[in-house]
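**Student:** Questions regarding the structure given below will be posed in turn.
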Amino acid sequence: MSDIIHLLPDSVANQIAAGEVIQRPASVVKELVENAIDAGAKNIQIIITDAGKSVIQVIDDGEGMSDTDARLSFERHATSKIKEAGDLFALRTMGFRGEALASIAAVAQVELKTRREWEELGTLVTIEGSRFVKQELVSCAKGSHFIIKNLFFNVPARRKFLKTNATELNHIINEFERIVLVNPTIGFTFFSNDTLLFDLPASSIKQRIVNVFGKRMNQQLLNVEVETSMVLIHGYIGSPESARKRGAQQFFFANGRYMRHPYFYNAVLDAYKDLIPTDERVPFFLYLDVDPAQIDVNIHPTKTEIKFENEQGIWQILFAALKEALGKFNAVPSIDFNQEDMPDIPVFEDEQSVSFPSINLDRSFNPFQASGQEYTRAPINWKIEDYGMAKSGGTAKKIEKPFFDDEDWDDAVPEKQSCEVNLLYEQEEEDKVKDGAVYLQYKGRYLLTAIKSGLLVIDQHRAHIRVLFDQFIEQIRNQKGVSQGVLFPEIIELTTSEAAILESIREDLTYVGFELSNLGGGSYAINSVPSGTDGLDPVVLVHNMVVTAMEKGSDVKAEIQNRLALVLAKSSAIVYGQVLTSTEVLTLVNALFACKTPNYTPDGLPVLTTWLDEDIAKCFN
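Numbering follows my numbering, with no gaps: position 160 of the sequence shown is 203.
Okay, here's the thing in structure tokens:
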């Protein structure tokens with residue numbers, strides 16, 4: 044029997060390696076820009092077409108390469124960064140493995156022009172799918188100019204899994220932000236389809252942050268700086284007022300390299316404990332400088348995971364530095380009495396007595412008594428098992444995955460919303476059932492009725508959300524949203540990446556009823572909002588839709604419709620404490636059980652539950 048183990052050709056081996064290093068166009072941009080930084084570039088230009096699927100160009104004014112180095116740079120494990128294994132623990136460069144260019148050349152058509160400063164002519168190298176095409180002398184500028192065409196042209200299975208242009212562009216911008224934030228002394232320009240997205244001159248770290256994420260960040264940042272023998276930590280964190288539920292910019296850097304570090308991230312969370320809501324996050328830009336011998340970056344192909352020799356010690360130093368920065372921040376602004384517009388502070392005389400308001404209590408009130416009408420009955424010809432209810436402890440089974448998580452959308456709905464809602468839905472005569480259960484309203488919050496197995500309890504507010512959501516989503520899906528103009532347009536400020544995503548979903552926003560005008564510089568005017576959104580914050584609505592698109596891709600028309608329907612349902616639903624007539628109770632219950640999923644709200648909260656007979660009996664021994 045012949046041998047079955049054989050060596051793979053270099054082209055195949057490079058494609059396999061490319062699967063780890065080059066996952067999408069953003070990976071190409073990251074590797075090429077990091078190479079330019081290692082080459083000592085002072086200015087780097089990035090030009091992409093079709094989100095990098097068609098063309099990626101990276102142009103730098105770095106040292107350049109000789110003709111021999113230019114050809115050798117595309118070989119696997121060919122690098123100028125290290126010479127022996129010990130060099131891995133003294134790294135100060137972004138790259139070191141020598142895999143990037145070989146991996147890129149394995150899955151794309153690559154053209155490199157490069158020249159060193161003292162040479163009159165440069166070198167042109169052309170490679171297609173690991174196949175060397177040509178090398179020749181050429182006139183070109185000092186530095187290197189990479190052109191990557193038709194990424195994954197020879198790996199169609201990989202290319203078809205690329206996302207939409209908006210999504211891939213967002214990934215590129217994310218990588219770009221991570222690089223420019225840690226290299227403020229280098230100038231960057233970024234073009235996408237001939238549109239200038241970023242023009243970042245060399246600057247300080249804080250100015251670079253403001254240039255990337257907008258002027259509003261300037262007033263939110265608190266300085267952090269501490270130097271010890273173990274680590275130097277510097278950077279900026281957001282004030283507690285800058286906390287937001289989604290889309291907070293959060294960056295850790297170690298020795299000039301972006302990293303993800305859940306352990307250090309917990310130090311940030313602990314530092315802000317009791318200062319911000321638990322479901323909100325603040326922006327931070329933290330830079331750690333450590334002896335290279337005490338960290339290991341050679342863990343993951345993307346080099347975003349870093350091991351530290353003394354993580355606990357650094358955690359304590361980081362936590363203390365954050366608490367110190369927050370302690371210096373005066374959360375309560377002082378009153379400046381030298382200003383012209385001094386506050387009007389009323390004067391209270393000592394002899395004045397304070398009268399407390401009187402509260403009249405109706406001690407004869409019975410929450411189970413009907414509101415001036417006879418009880419009406421609703422049908423109970425449904426089985427509690429059909430709605431996924433548990434049969435113990437009166438609790439509902441936990442839904443495995445909510446339709447969507449809307450915690451971050453609550454900011455769009457005013458905290459106190461009082462509205463009168465007509466629950467008298469029209470029904471056909473044959474739909475009305477005379478025989479059924481008696482429903483009692485308890486404390487303006489729950490509806491109670493007896494069923495065969497015990498006591499059924501319905502949350503009337505959540506039940507109404509469920510009913511209204513189904514109505515709103517049907518209206519939104521079946522017809523274009525009706526807009527209503529606003530008297531004074533609201534202005535929303537977006538980062539460059541957020542603005543790019545907004546443009547990709549702008550048509551969907553228009554469909555549901557939003558009308559926006561691009562004011563330039565990441566600012567948009569919200570001129571019209573969907574009809575029925577009175578009292579809601581349009582800025583929060585639009586921003587959350589943009590963040591949703593960034594997280595789930597730009598093809599989010601259905602997601603936007605669902606979000607809008609839920610916000611409308613929450614803002615229009617009856618409030619807790621509202622007393623319903625027996626007719627309104629009956630109508631609400633009938634409408635609830637006409638829904639496909641009456642036992643849960645669209646965001647996964649239980650609407651109804653049961654208290655079984657045996658559980659009630661246990662209370663009486």
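Backbone N, C-alpha and C fix where the C-beta goes; we use that ideal spot for every residue, glycine too.
1) Between Thr-653 and Leu-483, how many whole angstroms is the CB-CB distance? I'm expecting something under 8 Å.
2) Using alpha carbons as the reference points, say which of Pro-532, Asn-208, Arg-606 and Thr-539 lies closest to Val-572.
3) Quick check: the Cα distance between Phe-327 and Glu-77, rounded to an integer number of angstroms?
4) Taking only three categories from DSSP, how would you classify Ser-560?
5) Do you know offhand how far Asp-646's Cα is from Leu-490's?
6) With 16 as the cutoff for other CB atoms within 10 Å, does Lys-495 come out buried or exposed?
7) Could I get the ranges of all uninterrupted beta strand (DSSP E) runs contained in the region 629-660, with 3 residues as the minimum, in chain order?
8) Would Ile-501 and Val-632 be called neighbours here (beta carbons separated by less than 8 Å)?
9) Beta-carbon separation of Ile-99 and Ile-91 under 8 Å?
10) Quick one: what does DSSP say Thr-586 is sitting in, helix, strand or coil?
11) Give every residue of the same chain whose Cβ lies closer than 8 Å to the Cβ of Pro-641, excluding the five residues on either side of it in the sequence, and list them in chain order.
12) Could you tell me if Ile-534 is buried or exposed, where buried requires 16 or more neighbouring beta carbons within 10 angstroms of its beta carbon?
13) Suppose you measure from the CA of Asp-237 to the CA of Ala-543; what does that come to, to the nearest Å?
14) Reducing DSSP to helix, strand and coil, say where Phe-663 ends up.
15) At what residues does the alpha helix (DSSP H) containing Leu-212 begin and finish?
16) Can you confirm whether the region 554-574 touches the region 600-612 when touching is taken to mean that 3 or more C-beta pairs between the two stretches lie within less than 8 Å?
17) Which residue marks the beginning of the beta strand (DSSP E) containing Ile-349, and which one marks its end?
18) Among residues of its own chain, excluding the 5 on either side of Pro-244, which ones have a beta-carbon nearer than 7 Å to its beta-carbon?
19) What span of residues does the beta strand (DSSP E) with Val-176 cover, start to end?
20) Is the beta carbon of Ala-568 less than 8 Å from the beta carbon of Leu-559?
21) Quick check on Tyr-301: does DSSP put it in helix, strand or coil?
22) Does the pairing of the region 197-207 with the region 97-111 give three or more beta-carbon distances under 8 Å?
23) Under the DSSP definition of a beta bridge, which residues are partnered with Thr-157?
24) Over what stretch of residues does the beta strand (DSSP E) that includes Phe-256 continue unbroken?
25) Between Asn-570 and Met-260, what straight-line distance do the alpha-carbon atoms span, to the nearest angstrom?
26) I'd like the span of the beta strand (DSSP E) that includes Thr-232, first residue to last.
27) Could you tell me how far apart the beta carbons of Ser-566 and Glu-536 are, in whole angstroms, since I believe they sit closer than 8 Å?
28) Thinking C-alpha only, which one of Gln-604, His-586 and Glu-594 is nearest Asp-551?
29) Using the Cα positions of Ile-548 and Asn-587, report the straight-line distance between them to the nearest angstrom.
30) So what does Ser-566 bridge to, in DSSP terms?
31) Pull up the distance between the alpha-carbon of Leu-265 and that of Phe-372, whole angstroms please.
32) Confirm, please, whether the CB-CB distance from Val-267 to Leu-329 is below 8 Å.
33) Looking at Thr-538 and Gly-257, is the spacing between their C-beta atoms short of 8 Å?
34) Return the Cβ separation of Ile-170 and Val-71 in integer angstroms, given the expectation that the two are a contact with Cβ distance under 8 Å.
35) State buried or exposed for Phe-10, treating a residue as buried only when at least 16 other CB atoms are found within 10 Å of its CB.
36) How should Ala-592 be labelled, buried or exposed, when 16 other C-beta atoms within 10 angstroms of its C-beta is the threshold for buried?
**Tutor:** Taking the definition as stated:
1) By one-based count along the sequence shown, residue 653 stands at place 610. By one-based count along the sequence shown, residue 483 stands at place 440. Leu-483 and Thr-653 do not touch by the CB rule: their CB atoms are close to 15 Å apart, not below 8 Å.
2) Stepping through the sequence shown from its first residue, residue 572 is reached at position 529. Comparing Cα positions, the closest option is Pro-532.
3) Start at 1 with the first residue of the sequence shown, and residue 327 comes out as number 284. Start at 1 with the first residue of the sequence shown, and residue 77 comes out as number 34. Distance between the alpha carbons of Phe-327 and Glu-77: 23 Å.
4) Locating residue 560 in the sequence shown gives position 517, where the first residue counts as 1. Strand at Ser-560.
5) By 1-based counting over the sequence shown, the position of residue 646 is 603. By 1-based counting over the sequence shown, the position of residue 490 is 447. The straight-line gap separating the alpha-carbon atoms of Asp-646 and Leu-490 is approximately 21 Å.
6) To locate residue 495, count along the sequence shown from 1; it is residue 452. Classification for Lys-495: exposed.
7) Complete beta strand (DSSP E) runs here, min 3: 651-655.
8) Taking the first residue of the sequence shown as 1, we reach residue 501 at position 458. Taking the first residue of the sequence shown as 1, we reach residue 632 at position 589. Val-632 is positioned such that its CB atom lies closer than 8 Å to that of Ile-501.
9) As a first step, residue 99 is located in the sequence shown; it is residue number 56 there, counting from the start. As a first step, residue 91 is located in the sequence shown; it is residue number 48 there, counting from the start. Their beta carbons are under 8 Å apart, which means Ile-99 touches Ile-91 by this criterion.
10) As a position in the sequence shown, residue 586 is number 543, starting the count at 1. One point to set straight first is that residue 586 is His, not Thr, in the sequence displayed. Three-state DSSP puts His-586 in a helix.
11) Against the sequence shown, residue 641 aligns to sequence position 598. Around Pro-641: Tyr-430, Ala-506, Arg-509, Leu-635, Val-650 and Leu-651.
12) For the purposes of this step, residue 534 is identified with residue 491 of the sequence shown, where counting begins at 1. Classification of Ile-534: exposed, given that the 10 Å Cβ count is below 16.
13) Stepping through the sequence shown from its first residue, residue 237 is reached at position 194. Stepping through the sequence shown from its first residue, residue 543 is reached at position 500. A straight-line Cα-Cα distance of about 14 Å links Asp-237 and Ala-543.
14) For the purposes of this step, residue 663 is taken as residue 620 along the sequence shown, with counting starting at 1. In the structure shown, Phe-663 falls within a coil segment according to DSSP collapsed to helix, strand and coil.
15) Indexing the sequence shown from 1 puts residue 212 at position 169. Segment 208-224, the alpha helix (DSSP H) holding Leu-212.
16) Output reads yes: the region 554-574 touches the region 600-612.
17) Locating residue 349 in the sequence shown gives position 306, where the first residue counts as 1. Careful: Ile-349 lies outside any beta strand (DSSP E) and carries neither H nor E.
18) Indexing the sequence shown from 1 puts residue 244 at position 201. By the criterion of a C-beta distance shorter than 7 Å, Pro-244 is surrounded in its chain by Gly-230, once the five residues flanking it on both sides are discounted.
19) Position 133 of the sequence shown, counted from the first residue, corresponds to residue 176. Annotation for Val-176: the continuous beta strand (DSSP E) segment containing it runs 174-181.
20) Position 525 of the sequence shown, counted from the start, is the residue given in the question as residue 568. Position 516 of the sequence shown, counted from the start, is the residue given in the question as residue 559. The answer is yes: Cβ separation under 8 Å.
21) In the sequence shown, counting from the first residue as 1, residue 301 sits at position 258. In the structure shown, the three-state DSSP call for Tyr-301 is strand.
22) With contact defined as three or more Cβ pairs closer than 8 Å, the region 197-207 and the region 97-111 are not in contact.
23) Within the sequence shown, residue 157 is the residue found at index 114, counting from 1. DSSP, once it has assigned bridges, lists Thr-166 and Ser-187 as partnering Thr-157.
24) For the purposes of this step, residue 256 is taken as the residue at position 213 of the sequence shown. According to the DSSP assignment, Phe-256 belongs to no beta strand (DSSP E) but to the alpha helix (DSSP H) extending over 248-256.
25) As a first step, residue 570 must be located in the sequence shown, where it is residue number 527. As a first step, residue 260 must be located in the sequence shown, where it is residue number 217. Taking the straight line from one Cα to the other gives about 25 Å.
26) Within the sequence shown, numbered from 1, the residue matching residue 232 stands at position 189. That run of the beta strand (DSSP E) goes 230-235.
27) Numbered from 1 along the sequence shown, position 523 holds the residue referred to as residue 566. Numbered from 1 along the sequence shown, position 493 holds the residue referred to as residue 536. So it is a contact: roughly 6 Å between Cβ atoms.
28) As a working note, residue 551 is residue 508 in the sequence shown. Of the candidates Gln-604, His-586 and Glu-594, the one whose C-alpha sits nearest the C-alpha of Asp-551 is Gln-604.
29) Residue mapping note: residue 548 aligns to position 505 of the sequence shown, counting from 1. Residue mapping note: residue 587 aligns to position 544 of the sequence shown, counting from 1. Between Ile-548 and Asn-587, the C-alpha separation is close to 12 Å.
30) As a first step, residue 566 must be located in the sequence shown, where it is residue number 523. For Ser-566, which the question treats as bridged, DSSP gives the partners Glu-536 and Gly-563.
31) As a working note, residue 265 is residue 222 in the sequence shown. As a working note, residue 372 is residue 329 in the sequence shown. The alpha-carbon of Leu-265 is positioned some 7 Å away from that of Phe-372.
32) What you label residue 329 is simply residue 286 of the sequence shown in a count that begins at 1. What you label residue 267 is simply residue 224 of the sequence shown in a count that begins at 1. Yes, they are a contact pair.
33) Reading the sequence shown from its first residue, position 214 is the one you call residue 257. Reading the sequence shown from its first residue, position 495 is the one you call residue 538. Contact flag set, yes.
34) Here residue 170 refers to the residue found at position 127 of the sequence shown. Here residue 71 refers to the residue found at position 28 of the sequence shown. Contact doesn't hold; Cβ gap of about 14 Å is too wide.
35) With the chain covering 44 to 664 only, the question about residue 10 has no answer from this structure.
36) Locating residue 592 in the sequence shown gives position 549, where the first residue counts as 1. Counting every other CB atom within 10 Å of its CB across the protein chains shown gives Ala-592 a total of 16 or more, marking it as buried.
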